[in-house]
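For the sequence shown, position 131 matches number 151 in this note's numbering, and the numbering has no gaps at all. Cβ coordinates follow ideal geometry from the N, Cα and C atoms, glycine included. Only one structure is covered here, and it is reproduced in the block below.
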Amino acid sequence: MKKALFVLFVGLGLSAFAQKKSEQALFFDQLVKSGTDVTVYTESVEEHYLKDLKKMLQKHKTMTRPDYGEWHNLKTSAPKSITLSKSEIDYVMVQLEKANKNPGWSKGLIKNSRLVTSAEIDSVFMDQNKSWPYFKKHYGKSLSTFSKPVFLRNNTFCIFYKAGSGGELSGGGGFSLYAKDKGVWRLYGMLTMWIS
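Here it is as structure tokens:
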């Protein structure tokens with residue numbers, strides 16, 4: 021009996037993990053388009069960006085859906101506004117902090133990609149003799165950074181960090197809120213943003 025219960029709980033845990041992973045894979049399939057180039061990326065969000073997100077979410081808990089771009093005149097299932105609860109904000113922050121401490125969560129989720137570790141990034145960009153010329157020769161044209169997507173409300177909303185840079189002063193990124201509308205992930209609103 022104990023063995024049967026153990027097998028049942030392990031099976032349920034694996035099933036839940038597989039469902040989460042497939043939602044993440046769907047999300048990345050829709051948001052990360054690399055074309056013919058390999059997407060070179062890292063999966064760790066710098067601590068100060070996490071702090072910025074937390075401050076922003078605590079100050080502005082309600083976001084309103086835009087009525088322009090892809091949302092303009094769209095018959096949508098997404099609500100006009102969303103207000104995040106304190107427990108949802110806490111959940112988002114815990115999930116992002118956990119992902120930063122557990123490298124490798126994104127393996128196999130991003131098609132045509134190469135994951136670069138934080139140690140590799142540090143070895144390239146902390147050495148003045150390497151920097152961008154070395155990176156472009158040995159890795160690729162640009163570097164992307166992705167957070168783990170944190171899904172809320174039965175996978176209908178997601179908070180996600182995405183950034184990209186192709187040189188010393190050519191980059192930008194930030195956290196955004198996405199809404200799943202009829203099976204398609206759409207940008208609902210920018211939460212934080214930086215540009216260099």
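Assign residue i to one of three DSSP states: helix, strand, or coil.
i: W219; result: The requested residue 219 does not occur in the structure, where the chain is confined to residues 21 to 216.
i: I141; result: helix
i: L51; result: helix
i: V112; result: helix
i: D72; result: helix
i: F26; result: Note that F26 has pLDDT 41, beneath the 50 cutoff, so the model's placement of it is unreliable and the number below is only indicative. Looking at F26 - three-state DSSP - the assignment turns out to be helix.
i: A45; result: helix
i: K79; result: helix
i: W125; result: coil
i: Y159; result: coil
i: K182; result: strand
i: K200; result: strand
i: D57; result: coil
i: S167; result: coil
i: S107; result: helix
i: S190; result: coil
On a Cα-Cα basis, can you pick out the residue from the options that is closest to residue i?
i: L211; options: Q148, W205, D201, G193; result: G193
i: A45; options: V170, I215, M213, D87; result: V170
i: L172; options: D57, Q115, D72; result: Q115
i: S101; options: M213, V204, Y69, Y198; result: Y198
i: P99; options: F155, K118, H68, R85; result: R85
i: K53; options: K131, S105, D72, I109; result: K131
i: E66; options: L94, K121, R206; result: K121
Compare the beta carbon distance of residue i and residue j with 8 Å and say whether it is the shorter of the two.
i: K81; j: T103; result: yes
i: S97; j: K202; result: yes
i: V60; j: S143; result: no
i: M76; j: Y208; result: no
i: W152; j: G187; result: yes
i: S138; j: S190; result: no
i: F177; j: S167; result: no
i: S133; j: V58; result: yes
i: L51; j: E117; result: no
My guess is that residue i and residue j are in contact by the Cβ rule of under 8 Å, so how many angstroms apart are they, rounded?
i: F48; j: L129; result: 5 Å
i: V136; j: T62; result: 5 Å
i: N175; j: E43; result: 5 Å
Which partner residues does residue i have in the DSSP bridge list?
i: L94; result: Looking at the DSSP assignment, L94 forms no beta bridge with any residue, so it has no partner.
i: R206; result: A199
i: T62; result: T165
i: S133; result: T59
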